[in-house]
Each structure stands twice: as C-alpha cells, then as structure tokens.
Amino acid sequence: MALLEVDDLRTYFKTRAGEVHAVDGVSFTLEERKTLGIVGESGSGKSVTVLSIMGLVQSPGRVVAGSVRFQGQELTTMKDRQLEDLRGDRIGMIFQDPMTSLNPTLTIGTQITETLRRHRDLSRQQARKRAIELLEEVHIPKAASRLDDYPHRYSGGMRQRVMIAIAISCDPKLLIADEPTTALDVTVQAGILDLLEELREEHDMGMIIITHNMGVVAEAADDIAVMYAGQIVEQATALDLFDRPEHPYTEALLGALPTLEGDARHARLTTIPGRPPDLIAPPEACRFAPRCKYAGMDDCNVVAPELREIRPGHWVRSAHPASERVAEALVTS
Amino acid sequence: MIGDRRRADFEATLLRTADERGRDAGAALRRASLWRDALHRFTRNRAAVVAALAFLSMVAYVTLTPWLSSLDPYAVDFSIAYQSPSWDHPFGTDQFGRDLFVRTALGGRVSIGIGFAATIAIMGVGILYGAVSGFVGGWIDNGLMRFLDALYGLPYLPFAIITLAIFGTVNFWTMVVALTIASWFTTARVMRGQILTLKQNDYVRAARAVGARWHRVLFRHLLPNTLGVIIIFVFLELPGVVLGEAFLSFIGLGISPPKASWGTLAQEGYTAYQTYPYIILIPSLAIAWLILSAFFVADGLRDALDPKAKQKAA
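Order-wise, the sequence lines are chains A and B.
Terminal number for the first sequence in the working numbering: 375, no gaps in between.
Terminal number for the second sequence in the working numbering: 379, no gaps in between.
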C-alpha cells in the first residue's frame with residue numbers, strides 16, 4: 043500500500059467571474075520514505091494541491107472531485123474533527139514564509155509544546171523536554187536557553203527550522219513542504235534542504251516538496267511532477283526527468299536555468315513567451331499549446347493530450363514529447 | 066590635501082555613527098520585549114506622557130479629595146451660597162453653599178466610574194460580537210453586520226432614553242447599561258475587521274495545519290494579537306462615554322441631584338451662568354480635561370503599539 047494516493051483531484055474556486063479550476067485532475071502516488079517534488083510556476087496549482095490533501099482549502103475553494111488516500115484512509119470525505127486529529131500528527135506541513143508562519147505573541151517553546159500536547163498525552167515538563175530535543179534535532183544551538191524566546195529573536199532560517207521542528211514533533215509519516223526555501227537566503231536554503239533530507243531518513247517519512255526551483259527538486263526529490271495550469275504535465279524519476287525531459291514545458295523550464303558553463307556571464311537566460319491560460323475557462327485543447335514551440339502544425343489547438351507513459355515510469359502530457367520529435371525528424375529527413 | 070582631510074573626517078564620522086548605531090542596536094535588543102518596547106516608545110512621546118500624567122492626576126483628584134476633605138459635600142448652608150473661589154473653597158460654592166471642590170470630585174467619581182464601567186462593558190460586548198462575526202464568517206457574519214448597520218442608522222440619544230425608560234430608575238448601573246447599548250457598535254466593527262485581517266495570517270494557517278481546533282485558533286492566535294487595538298480603543302471609547310453621561314445628566318435624564326456627576330453640576334451651574342459663571346465652567350473644564358488627556362493617551366498608545374502604522378503614514 044502506498045503512503046499517499048491522489049486520484050483525479052479537482053479543486054475549484056468560486057469567484058464572481060466564474061469557477062477557477064485551480065487543480066484540475068491531478069493524480070500521483072507517493073511510496074513510503076520517498077520524496078516527490080512538485081514543480082511549476084506561480085498559479086500552476088502546486089500549493090492548492092497539497093492544501094487539498096490536507097483539507098485546508100478555504101472558502102470559496104472546494105475539493106469538487108477526486109480522492110486522497112493516506113495510508114489507505116480516504117481523506118476527502120473525512121469529518122473535520124478527524125482530519126484535525128490527523129493534521130500535525132500523522133501529516134506535518136511546512137509553509138513558505140517562516141517570517142510570518144509563527145505567532146509573534148507566543149514563545150517558540152509554547153508553539154512547539156502546544157502542538158505536542160494537542161496530539162500527545164504529555165505533561166508540561168515532558169512536552170518542554172521534548173521541545174528542546176526537537177530544537178536540537180533541527181540544529182538550533184543552545185536550544186534549552188532559546189525555548190522561551192519570541193519569534194522575532196530568530197532569523198529566517200532558524201524560524202524555518204522551528205517550523206520543521208513543529209511539523210515533525212509528532213513523528214508524522216508524511217511531511218509536506220510548501221516552498222520551504224523560497225523565502226530564505228541561498229546560503230540558508232542548502233542547510234534547510236539537507237536538514238529535511240536528514241529528518242526524512244531518520245523518521246522514515248514520505249515527503250512532498252513543492253517548489254518553483256528546479257535546483258531544489260534536483261537535490262531533494264526521488265520523483266518529480268511538473269505542473270502546469272492545474273494539471274500534471276510530466277512525471278518521472280528525478281534522474282530521468284533531468285536527463286531526458288520530454289514535455290516542451292519542462293524543457294523550457296530547464297532551459298531557463300542559469301548555467302555556470304560556457305559563456306554564462308554574457309548569455310541571456312531563455313524565457314518562456316506568453317502567460318499561463320485563464321483557469322476560469324481552461325482551453326479544451328492542450329493548455330500549453332499557445333506558448334509551445336512545437337504546437338500549431340497539427341491539432342494541438344483542438345485536442346487535449348492525455349497523460350501517457352512514454353517509457354516505463356515516465357509520464358507526459360504532450361503531443362510532441364522530445365523523444366518522438368527526434369524520431370519524427372529522422373523520418374522526415 | 067584638503068580632500069584627504071575631508072575624507073578622513075567623513076570616515077571618522079562614519080565610524081562614529083556606526084559605533085553609536087551598534088550601541089543603540091544592542092540596547093534595543095536588550096529591551097526587545099514587545100511591551101517594554103512599546104513603553105519605551107510611549108515615554109519618548111512627550112505629549113502622550115503629559116496627557117497620561119494629566120489623566121492620572123484627574124483620577125487621583127476625584128478619588129482622593131472626598132476622603133481627605135473635612136467638608137461635607139451635602140451640607141446645606143445658605144450663609145455661604147454662591148461664594149467665588151477662595152482658599153477655603155478653591156472652586157467656590159453653589160446655591161446651597163456646598164463646597165464645589167469636593168462636589169466636583171464626587172461628580173468626577175460618578176462620571177469617570179460610569180465611563181470606565183461602560184467602556185469595559187462596551188469592550189466586552191463589542192469584542193464578542195465582532196470576533197464571532199469575523200471568525201465565523203459566511204452568512205452569519207453577513208447577518209450580524211447588517212443588523213449592526215440597522216442599529217447604526219438610529220441616533221444615539223433615543224437608545225439611551227429608551228433604555229433608561231425601560232429600567233424606570235436612573236442610577237449608576239442603569240446609566241452604564243444605557244451608554245453601553247448606545248455605543249458598542251464601533252468596537253464590534255473594528256474587532257471584526259481585526260479578526261478578518263488576522264485570520265489571513267500565515268500563522269493561523271500553520272496552526273490549522275498542525276491540527277489546532279477553532280477555539281485554540283480564536284483564543285490563542287487571534288484575540289491576543291488584537292490586544293494592542295483593544296487597549297487603544299479603551300482610551301478612544303472612554304471620552305465618548307464620559308461625554309455621553311454628562312450630556313444625559315445635563316438634560317436631566319441621567320444622575321439626578323443631590324447626587325453629583327459632572328453633567329448635573331454643569332446643569333446646576335447653567336441656571337446661574339450669567340452671574341456666577343465659574344459654577345458651569347469648572348465641571349465643563351473637568352470634562353474637557355479628561356477627554357483631551359484620554360485622546361492624547363490613545364494617540365500615544367497607537368504610535369507605541371503599532372509603530373509600523375506611523376512609518377506608513379510618514
């Protein structure tokens with residue numbers, strides 16, 4: 043049994059202009075102790091996907107279809123009360139901005155022990171002791187003396203470490219990290235990623251890392267799902283995806299990465315022209331077609347491609363994946 | 066040469082200011098607790114400190130004077146009626162020869178007492194109503210707010226008059242209830258706004274992500290963060306309530322003689338204001354003193370508790 047199975051998840055937001063299809067049929071499976079990276083640009087539905095899994099989508103948003111099974115348990119139909127017991131206990135979550143994710147009026151210690159005592163039957167002293175251990179586990183120096191500090195005494199990186207300590211406090215089986223390093227300095231980012239990896243191994247957790255940074259997933263993830271306009275457009279192992287990207291969008295994303303090789307200082311970064319489609323009325327056809335280099339010669343603007351397995355373990359949603367383009371080129375020449 | 070000297074001066078200045086800044090930063094860190102920080106900012110605001118002292122001295126005057134003075138504020142002695150202020154009677158006497166220094170203090174006890182009691186009640190009702198409305202949201206929020214809009218449309222005076230009429234008697238507590246009913250709306254609205262804003266905070270979402278139930282979110286994460294606003298609002302509401310009480314008493318709907326409040330004292334002075342103007346002037350000045358000082362304190366508190374707001378304005 044997989045740790046987490048998401049099947050055809052759809053989350054829509056009601057607005058005055060119409061229904062926004064923020065997540066539109068996302069499916070994936072996460073095995074225990076594995077890390078899945080979800081990549082995509084802003085508004086591609088990455089965050090809403092994991093918020094839907096957690097049952098944290100706020101009105102006017104709503105999970106309208108699909109299923110989320112965690113350790114075989116269906117979450118989408120679960121009562122709020124049960125879901126609350128699950129959150130923070132068996133599923134932990136880390137958010138993007140550590141500067142605002144801690145309550146400024148409560149001490150670090152209080153915020154850790156409250157979560158502990160919410161899910162575990164611990165006395166005040168026991169919870170305090172455990173909180174110190176947790177802070178040590180996330181490498182906060184002099185943890186015992188820093189327990190009674192307020193968040194404003196912590197730097198961004200340290201606050202993110204505290205958030206991680208809170209997230210893993212009850213030994214969850216699944217850790218969801220929503221852009222855990224985006225708000226941090228580059229030098230701090232690596233430390234946080236190392237820490238997450240270390241904790242994942244120690245605690246036997248499965249992990250989902252959301253990011254728009256290809257470098258982050260390359261380092262941390264076993265599998266990578268690329269999202270575009272509310273759908274997964276490509277999914278494969280990290281190695282395969284970086285070695286042989288198939289979807290034109292993934293290719294473009296990788297092409298947009300700065301490199302240190304060649305004449306890097308003078309080269310311009312490539313960009314992807316155009317904008318993502320309006321998700322109130324997503325196009326019936328391929329959602330990436332308007333921005334795709336390879337669209338236009340055939341029915342790209344008419345038929346929506348299905349997610350298909352182009353080779354074992356490598357799924358892509360495109361009429362013109364890279365390997366087929368190569369084959370086509372060979373045939374025509 | 067001159068350029069070199071200038072440069073050396075410049076560098077020395079830079080070093081010195083950096084050093085001063087370093088020391089300042091260290092000091093700021095040492096006293097970095099939220100409330101001590103606020104207190105520090107408050108005490109540097111001269112107007113606010115003067116206002117706070119003025120406010121406290123008024124409170125001290127009204128509480129202490131009736132105990133310390135040997136004069137009986139209810140003793141009638143027509144032989145000393147309408148005496149102008151003197152050493153024996155600093156505020157003079159009224160038409161029955163009662164000492165106005167003690168009576169103004171007594172009136173102040175009633176006025177300020179009603180003011181504080183009603184303010185606390187207003188805070189209680191307003192915070193509860195606003196917090197529920199903002200926290201629950203949806204159609205309940207909509208309903209509560211439309212009801213509030215309807216109440217807003219009605220003028221202040223009829224509320225107080227109707228409430229007092231329903232009670233049939235006028236005493237300290239009925240005045241408190243009447244004034245509370247007439248003026249809790251704004252607090253409720255402001256609280257709702259506060260809760261709505263705070264609800265969007267990342268730490269609220271983070272709390273929900275670790276399984277916090279609604280009561281924890283509300284009482285642990287939302288309400289404590291509104292404390293600054295609540296404190297400011299106490300000092301903004303108080304003057305309005307004191308003025309409301311004085312007004313009701315002045316037109317004869319409030320506290321009635323021989324008991325004194327600043328409103329009744331002003332009313333008594335009104336009958337003879339052409340010949341003995343000090344009788345109406347003294348309670349009026351007392352009211353103005355209290356209201357002004359409370360407003361300045363509120364202003365100072367706002368700057369002290371929410372320094373970012375000031376930066377934005379500047």
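All C-beta atoms, glycine included, are put in the ideal place defined by N, C-alpha and C.
Please read all numbers here as calculations on a predicted model, not as lab measurements.
Using a Cβ-Cβ cut-off of 7 Å, A:Met96 is close to Ala274 of chain B, given in chain order. A Cβ of chain B is located within less than 7 Å of the beta carbon of A:Asn145.
A:Glu126 has a beta carbon lying within less than 7 Å of a beta carbon in chain B. Put simply, the backbone Cα of A:Asp191 is about 39 Å away from that of A:Met269. Annotation: the continuous alpha helix (DSSP H) that includes B:Thr329 extends over 327–335. For A:Arg129, the three-state secondary structure derived from DSSP is strand. Residue-level contact by beta carbon fails for A:Thr57 and chain B, as no gap is shorter than 7 Å. A:Glu61 has A:Lys56 as its beta-bridge partners, per DSSP. The three-state secondary structure of A:Thr149, taken from DSSP, is coil. When 7 Å is used as the limit between beta carbons, A:Ile208 is near these residues of chain B: Val275, in chain order. Taking the Cα of B:Ala363 as reference, the smallest distance to any Cα among B:Gly305, B:Ala337, B:Val127 is reached at B:Gly305. Taking C-beta atoms under 8 Å as the contact rule, A:Val48 and A:Val68 qualify, at a distance of about 6 Å.
At a cut-off of 7 Å, the C-beta of B:Pro131 has no neighbouring C-beta in chain A. Restricting attention to alpha helix (DSSP H) runs no shorter than 4 residues, the segment 214–243 of chain B encloses them at 221–232, ordered along the chain. The alpha-carbon separation between B:Ser135 and B:Gly319 amounts to approximately 28 Å.
With a cutoff of 7 Å on beta-carbon distance, A:Leu51 and A:Val65 are scored as near each other. Per DSSP, the continuous alpha helix (DSSP H) segment holding B:Leu301 begins and ends at 292–315. About 5 Å separates the Cβ atoms of A:Ala294 and A:Ile314, confirming a contact at the 8 Å cut-off. Counting only runs of 4+ residues, the alpha helix (DSSP H) found wholly inside the segment 163–215 of chain B occupies 165–201, in chain order. In this structure, the beta-carbon distance from A:Leu226 to A:Gly257 does not fall below 7 Å.
If you draw a straight line from the Cα of B:Gln332 to the Cα of B:Ile316, it comes to about 7 Å. Taking all protein chains shown into account, A:Lys121 has fewer than 16 neighbouring C-beta atoms within 10 Å of its C-beta and is therefore exposed. Just measuring C-alpha positions, the residue of B:Tyr126, B:Asp164, B:Ile356, B:Thr130 sitting nearest B:Tyr139 is B:Asp164. Contacts between B:Asp267 and chain A, judged by CB atoms closer than 7 Å, involve Phe137, Asp139, Thr142, Ser143 in chain order. Those residues of the segment 157–174 of chain A placed with their C-beta closer than 7 Å to a C-beta in chain B are Thr157, Arg160, His161, ordered along the chain. Proximity of A:Arg329 to chain B, defined by a Cβ-Cβ separation below 7 Å, is not satisfied.
Relative to the Cα of A:Leu93, the nearest Cα in the group A:Arg58, A:Gly134, A:Lys56 belongs to A:Gly134.
Per DSSP, the beta bridge partners of A:Ser109 are A:Asp49. The DSSP-derived three-state label of A:Leu72 is strand. The residue among A:Pro354, A:Leu238, A:Thr292 with its C-alpha nearest the C-alpha of A:Lys76 is A:Leu238. Look at A:Arg286 here: in three-state DSSP terms it is coil, with no helix or strand label. Within the segment 313–371 of chain A, the runs of beta strand (DSSP E) at least 3 residues long that lie entirely inside it are, in chain order, 350–353, 356–358. For B:Tyr268, the three-state secondary structure derived from DSSP is helix. Look at B:Asn290: its C-beta is under 7 Å from a C-beta on chain A.
Beta-bridge partners of A:Ile136 (DSSP): A:Ala219. Just measuring C-alpha positions, the residue of B:Ser314, B:Leu366, B:Phe298 sitting nearest B:Val115 is B:Leu366.
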